[in-house]
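Participant: Counting in the numbering used here, the sequence shown runs from 5 upward without gaps.
We put the CB at the ideal spot given by N, CA and C, even for glycine.
For clarity, every value in this text was computed on a predicted model and none was experimentally measured.
This is the structure I want to talk about, given as C-alpha cells.
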Amino acid sequence: MEHHRKLERRLNDLLAKQRQLNAIKSDVEMKIKTELRLGRCVRQEIENWLLDVQTINGKIQSIDERTQNLSCFSRGHLGKQVSQTVEEVKEIIEQGRFTGALVIDDPSTAGVPFQLEHLVGETAVIADIWKHLMSDEIGMVGVCGMGGIGKTTIMKHIHNQLLEETKSKPLFEKIIWVTVSQDFNITRLQQDIADAMNIEDLPKPEQKRAAVLRNELRQIRHVLILDDVWEGFVLEKVGIPIPIFSNGSRLVLTSRSKVVCRSIGCCEIVEVPPLSNEESMNLFLAHTGHGILKVPSLEEILGDIVGECDGLPLAIAVIAGSMKGIYDVVEWRNALTELGDHVTSVKGTDKEIYGRLKFSFDRLEDSNIQNCFLYCSLYPEDYRIPRVELIEYWIDEGFLERGSRQQLHDRGHTILNRLVNNCLLEKAGDDVKMHDLMRDMALYIKHPYFMVKAGTGLKELPSKQEWKDVERVSFMMNMVLEIPPSLSPNCENLSTLLLQNNESLERISESFFQHMHSLSILDLSYANIQQLPNSVSNLETLNALVLRGCKELRYVPSLEKLKALRKLDLQGTGIEKVPKGLEMLTNLTYLNLCTESLKELPIAILPRLSCLQCLVLYVKSPSVKMNGLEAARLRKLEVFEGRFNELTDFNAYIKSIQGRELTSYLLVMASPKAKFDARPLVEGLNNAFFFNFELLGDCDVRNVFKIVAGHQAPFRSHPVAWWRLPYLHPALIAPMALPHSPSHYTF
5 MEHHRKLERR LNDLLAKQRQ LNAIKSDVEM KIKTELRLGR CVRQEIENWL LDVQTINGKI
65 QSIDERTQNL SCFSRGHLGK QVSQTVEEVK EIIEQGRFTG ALVIDDPSTA GVPFQLEHLV
125 GETAVIADIW KHLMSDEIGM VGVCGMGGIG KTTIMKHIHN QLLEETKSKP LFEKIIWVTV
185 SQDFNITRLQ QDIADAMNIE DLPKPEQKRA AVLRNELRQI RHVLILDDVW EGFVLEKVGI
245 PIPIFSNGSR LVLTSRSKVV CRSIGCCEIV EVPPLSNEES MNLFLAHTGH GILKVPSLEE
305 ILGDIVGECD GLPLAIAVIA GSMKGIYDVV EWRNALTELG DHVTSVKGTD KEIYGRLKFS
365 FDRLEDSNIQ NCFLYCSLYP EDYRIPRVEL IEYWIDEGFL ERGSRQQLHD RGHTILNRLV
425 NNCLLEKAGD DVKMHDLMRD MALYIKHPYF MVKAGTGLKE LPSKQEWKDV ERVSFMMNMV
485 LEIPPSLSPN CENLSTLLLQ NNESLERISE SFFQHMHSLS ILDLSYANIQ QLPNSVSNLE
545 TLNALVLRGC KELRYVPSLE KLKALRKLDL QGTGIEKVPK GLEMLTNLTY LNLCTESLKE
605 LPIAILPRLS CLQCLVLYVK SPSVKMNGLE AARLRKLEVF EGRFNELTDF NAYIKSIQGR
665 ELTSYLLVMA SPKAKFDARP LVEGLNNAFF FNFELLGDCD VRNVFKIVAG HQAPFRSHPV
725 AWWRLPYLHP ALIAPMALPH SPSHYTF
C-alpha cells in the first residue's frame with residue numbers, strides 16, 4: 005500500500021537522481037575527451053560504469069513509459085520497482101566518483117604493421133639501425149643508399165619489429181610512418197603527420213600547425229620514420245621536436261643523400277650497401293622459382309643477368325618477375341643481350357637504374373598493357389590507387405579496347421595482376437601502388453609528353469609555355485584556386501586532363517579549353533565550381549566528362565556537339581535539369597545522374613541512349629519519374645541502379661529483364677513520399693537506400709515499397725518470403741523477382 009500511495013513522490017526522486025547521475029556522466033565524458041589522445045584508451049572500469057549508466061537510463065525510460073498507461077492494480081508493483089531503481093542509481097552515482105586519470109596507455113594503438121616484402125641479406129644493416137634506436141645517446145638516425153637499394157623495405161621491417169616489441173614492453177607509445185617524397189612541402193608534411201596521429205582540424209597558419217604537432221609529439225614517446233626525404237628542412241618549422249635523451253623519442257630518415265640527413269641533424273648515418281652476388285642470386289630465385297636451375301646451360305647466363313642487376317633489390321625483383329616461367333635458354337640469352345643494351349644506353353648517369361627497370365617494361369610487349377602501366381604515374385607519388393577507379397580510366401582511354409563492361413573489367417584486373425606479378429606495381433591491400441623509382445622511370449619514358457604535378461600542393465597551374473607537346477596532364481589532388489583568362493595553353497595534342505580533387509577550384513575561364521581540340525578525357529571531380537565554361541561544348545573529341553562530387557555545380561553547357569562522348573558522370577552535382585543535348589549522345593555507354601537536386605528527366609530521353617551499359621539514376625526528387633518501358637528498351641544495360649515511383653513501372657521493367665545478364669543491379673520501387681538516405685550496402689554498387697515510412701500513414705507498405713539488389717548473376721524470377729526490416733517501423737517487402745542465389749541480394 006505504501007508503494008501505491010507514494011508512487012508520484014518516488015518517481016520525482018528517481019528523476020532527480022537520474023539528472024544527478026547524467027550530470028556526473030557528462031563530467032566524466034568531458035574529462036575523458038580532455039585526457040584521451042594518441043596511444044591512450046579509457047580504463048575498463050570507466051567503460052563498465054558508462055555501460056551501467058546507459059542500462060539504468062534505459063530502465064528509467066521503460067518505467068516512465070509504463071506510467072503513461074497505469075492501472076490502479078499495477079501502481080503498487082511499479083512503486084516497488086521505482087524504489088529499487090532509486091537505490092540502484094544512488095549506487096552507480098557513488099561508483100562514479102572516480103579519482104585519478106580516466107585513461108591509460110594503450111600499447112595496441114602504437115601503429116599498424118606493414119605487409120612485408122621478401123628481404124634477403126641486410127641483417128647487418130637492420131641490426132645497426134636497431135642498435136641506434138635502442139641507444140639512449142642517439143635520437144636521430146639517417147638511413148642512406150641509392151634508389152632501389154631497399155631502404156624503405158628495411159625500415160618497414162624495423163617498423164614492424166618495433167610494434168612487436170611494444171606489445172611485450174612499453175618501448176614507445178607510437179610508431180609513426182610518413183612518406184615525404186620528392187615533391188616536398190611543409191604544409192603537406194604537417195598534414196601527413198597529423199593524419200598518422202589522428203589529429204583533426206589542424207589550423208591553417210603554418211606556425212600554429214607546427215605548435216599543435218609539437219605539443220602532441222612531446223606528450224608521447226614515439227619513433228617518427230620519415231621515408232624518402234629528398235631535401236633538408238628545419239624540424240621546428242614542421243613541428244617535430246628534436247629527439248633528446250629526456251623525451252625518449254627517436255627520428256629516422258631514409259634518403260638517397262647523406263648531405264640531406266646531416267643537414268636535418270642526424271648524428272648517425274647507416275649506409276645500405278648493394279646485395280652480394282650470393283644474396284642477389286637468392287633474391288632472384290625467390291621471384292623466379294628454383295625450377296630454372298634445372299635447365300641445362302642456364303647457370304652461366306643466369307649469373308650474368310643477376311650481375312647486370314648490380315645488387316639492387318628493386319631491379320632484381322622487377323627483372324626476375326619479367327623472366328618468371330621462362331625456361332627456354334634462347335630467350336634467356338636474348339634477354340641478357342637486351343638488358344646489356346638497356347644498361348649501356350644510360351651508363352654513368354643518375355638514370356642508370358632506369359635502364360634495368362625499362363628492360364622489364366619493354367618485355368610487356370603489348371602497347372596497351374605498357375600504356376596501362378605508364379598511366380599509373382599520373383597519380384601522386386606513393387599513392388594507393390583504387391583498382392576499379394584505375395580500370396575505369398583505362399576503359400575511358402581505350403586501352404582495354406571494346407566489349408561488355410564485365411569483359412573490360414575482367415581484362416583490367418588481369419592486366420593489374422600481371423603488372424603486380426611482374427613487380428612493376430605493388431599490391432597495397434585491395435589497391436595498388438607504384439614504387440617511386442618505377443614512377444620516375446615511367447615519367448622518364450614519357451618525357452616530355454606527360455606533365456605530372458599531382459598532390460604537390462600546387463595553387464596555380466603552370467604557364468602556357470610549359471604545356472607544349474604534352475599529351476597527358478595530371479594536376480589532381482592540389483589546391484588550385486582558379487584558372488584565369490590569361491591561361492589558354494596551345495596544346496593541340498593534349499588528350500587527358502586530370503584536375504580532380506582540387507576542392508578549392510571555384511572558377512575556370514572560358515579561354516582555358518579553347519585550344520584543346522584533341523581532348524578525350526576531362527576529370528574535374530570534387531571541384532568547387534558553380535558552372536562549366538561554355539567552351540566545353542566545342543570539345544568534340546571528348547570521350548569522358550567526369551564531374552562527380554562537384555556539389556556547387558549548377559550549370560553544364562550544351563553537350564549536343566559531343567557525339568564522341570561515351571561517359572558522363574554527374575553524381576553528386578547540384579544540377580536541377582539534365583544538360584541540353586543529352587539525347588544526342590548516342591555513343592554514351594556510362595551515365596550517372598545520381599544527384600539530390602535533379603528536378604526533371606525529359607520523357608523519351610533514355611531510349612535515345614541505346615548504347616548504355618551502365619545507368620545510375622537514383623534521384624531523391626519525386627518529380628523525376630522513371631518509365632519502366634523506356635528503361636526496358638536499353639537492351640545493352642549491364643549495370644543499373646534506379647528508383648521507380650510507380651508499381652506499374654517497376655513491374656514492367658522487372659518483367660522485361662527476365663533472363664537478361666545484368667551484372668549489377670539495385671532497383672527500388674517506393675512511393676514519392678518515402679524518404680531515404682544513401683548508405684553503402686551492396687558491394688559493387690554505388691548506392692543502397694534505407695527508407696523511412698513515417699510519412700506514409702496507415703497505407704499498406706507492401707504496395708509502396710520493393711527492392712531488388714544484387715550483382716554478377718543472371719536475373720531470374722523467384723518467389724520469396726516477406727522480409728522484415730529491423731531498422732524500420734514494422735514493414736514488409738513484398739514477394740518479388742530476385743537473383744537465383746541468396747548471396748546476391750542485401751537488405
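Among Leu447, Glu486, His451, which has the Cα closest to the Cα of Pro466?
Facilitator: Among Leu447, Glu486, His451, the Cα nearest to that of Pro466 belongs to Glu486.
Participant: For Phe693, count the other beta carbons within 10 Å of its own beta carbon; 16 or more makes it buried, fewer makes it exposed. Which is it?
Facilitator: At Phe693, the pLDDT of 36 sits below 50, so the modelled position is not reliable; the number obtained from the coordinates is stated separately. Classification for Phe693: buried.
Participant: Suppose the cutoff is 8 Å on Cβ atoms and the five residues either side in sequence are ignored; what does the same chain contact list for Val274 look like?
Facilitator: Val129, Asp132, Ile133, His136, Val145, Gly146, Val147, Cys148
Participant: For Glu12, which of helix, strand or coil comes out of DSSP?
Facilitator: Three-state DSSP puts Glu12 in a helix.
Participant: Compute the Euclidean distance between the alpha carbons of Leu569 and Asn164, then round it to the nearest angstrom.
Facilitator: 48 Å
Participant: In the region 317–382, which residue ranges form an unbroken alpha helix (DSSP H) of at least 4 residues, counting only runs that do not cross its ends?
Facilitator: Qualifying alpha helix (DSSP H) stretches, in chain order: 317–327, 333–349, 356–366, 371–379.
Participant: Keeping to the same chain, check which residues put their C-beta closer than 6 Å to that of Trp398; ignore five residues upstream and five downstream.
Facilitator: Cys376, Leu404, Gly416
Participant: Within the continuous beta strand (DSSP E) that includes Ile180, where are the two ends?
Facilitator: 178–183
Participant: On the premise that Thr500 lies in contact with Ile525, defined as a C-beta separation below 8 Å, what is that separation, rounded to the nearest angstrom?
Facilitator: 4 Å
Participant: Using 8 Å as the Cβ pair cut-off and three pairs as the minimum, do the region 368–384 and the region 336–345 touch?
Facilitator: These segments do not touch.
Participant: According to DSSP, which residues form a beta bridge with Arg254?
Facilitator: For Arg254, DSSP records a beta bridge to Val227.
Participant: Compute the Euclidean distance between the alpha carbons of Val392 and Arg552, then round it to the nearest angstrom.
Facilitator: In a straight line, the C-alpha of Val392 is about 16 Å away from that of Arg552.
Participant: Under 8 Å Cβ to Cβ from Glu169, same chain only, skipping five residues before and after it: list those, please.
Facilitator: Leu175
Participant: For Leu572, count neighbouring Cβ atoms within 10 angstroms of its own Cβ and tell me buried if that reaches 16, exposed if not.
Facilitator: buried
Participant: Using a beta-carbon distance below 8 Å, is Leu566 in contact with chain C?
Facilitator: No chain C appears in the structure shown, which is made up of a single protein chain.
Participant: Determine which residues share a DSSP beta bridge with Lys603 and list them.
Facilitator: Per DSSP, none; premise fails for Lys603.
Participant: When the Cα atoms are used, what is the spatial distance from Lys328 to Gly407?
Facilitator: Distance between the alpha carbons of Lys328 and Gly407: 30 Å.
Participant: With respect to the alpha helix (DSSP H) encompassing Ala214, which residues constitute its N-terminal and C-terminal limits?
Facilitator: According to the DSSP assignment, Ala214 belongs to the alpha helix (DSSP H) that extends over 210–222.
Participant: For the 8 Å Cβ check, are there 3 or more pairs between the region 225–232 and the region 204–214?
Facilitator: no
Participant: Between the C-alpha atoms of Gln65 and Ala20, what's the straight-line distance to the nearest angstrom?
Facilitator: 14 Å
Participant: Within its chain, find whatever has a CB closer than 7 Å to the CB of His519; leave out the 5 residues flanking it on each side and keep chain order.
Facilitator: In chain order, Ser492, Pro493, Asn494, Cys495, Glu496 place their CB closer than 7 Å to the CB of His519, counting only its own chain and leaving out the 5 sequence neighbours on each side.
Participant: Who pairs with Pro390 in a beta bridge, going by DSSP?
Facilitator: Asp435
Participant: To the nearest angstrom, report how far apart Glu49 and Thr103 are at their CA atoms.
Facilitator: 12 Å
Participant: Quick check on the DSSP output: what are the complete beta strand (DSSP E) runs of length 3 or more inside the region 614–664, in order along the chain?
Facilitator: 618–621, 643–648
Participant: Output the boundary residues of the beta strand (DSSP E) element that contains Phe454.
Facilitator: 454–456
Participant: Pop quiz: Asn542 and Lys567 are said to be a contact at Cβ under 8 Å. What is the actual Cβ separation, rounded to whole angstroms?
Facilitator: Not confirmed; about 12 Å, so no contact.
Participant: Start and end of the beta strand (DSSP E) containing Asp132?
Facilitator: Note, Asp132: premise wrong, no beta strand (DSSP E); alpha helix (DSSP H) at 127–138.
Participant: If you reduce the DSSP assignment to three classes, tell me which class Val93 lands in.
Facilitator: helix
Participant: Check for me: the alpha helix (DSSP H) holding Val263 runs from which residue to which?
Facilitator: That run of the alpha helix (DSSP H) goes 262–268.
Participant: Between Leu736 and Asn538, what straight-line distance do the alpha-carbon atoms span, to the nearest angstrom?
Facilitator: Unreliable placement is indicated for Leu736, whose pLDDT of 28 sits below 50; the coordinate value is still reported in the next sentence. So the two alpha carbons sit approximately 49 Å from each other.
Participant: By Cβ distance, which residues of its chain are closer than 7 Å to Gly236, with the 5 residues on each side in sequence left out?
Facilitator: Val264, Ser267, Ile268
Participant: In this structure, how does DSSP classify Asp473 when only helix, strand and coil are distinguished?
Facilitator: coil
Participant: Apart from the five residues just before and just after Ser364, which ones in its own chain have a Cβ nearer than 7 Å to its Cβ?
Facilitator: Val322, Ile323, Gly325, Ser326, Asn426, Leu428
Participant: For Leu15 and Val86, I'd like the C-alpha separation in whole angstroms.
Facilitator: 7 Å
Participant: Glu312 to Arg360, Cα distance in whole Å?
Facilitator: One C-alpha to the other measures close to 8 Å.
Participant: By the 10 Å Cβ neighbour count, where 16 or more other Cβ atoms means buried, how is Val333 classified, buried or exposed?
Facilitator: The residue is exposed, with fewer than 16 neighbouring Cβ atoms inside 10 Å.
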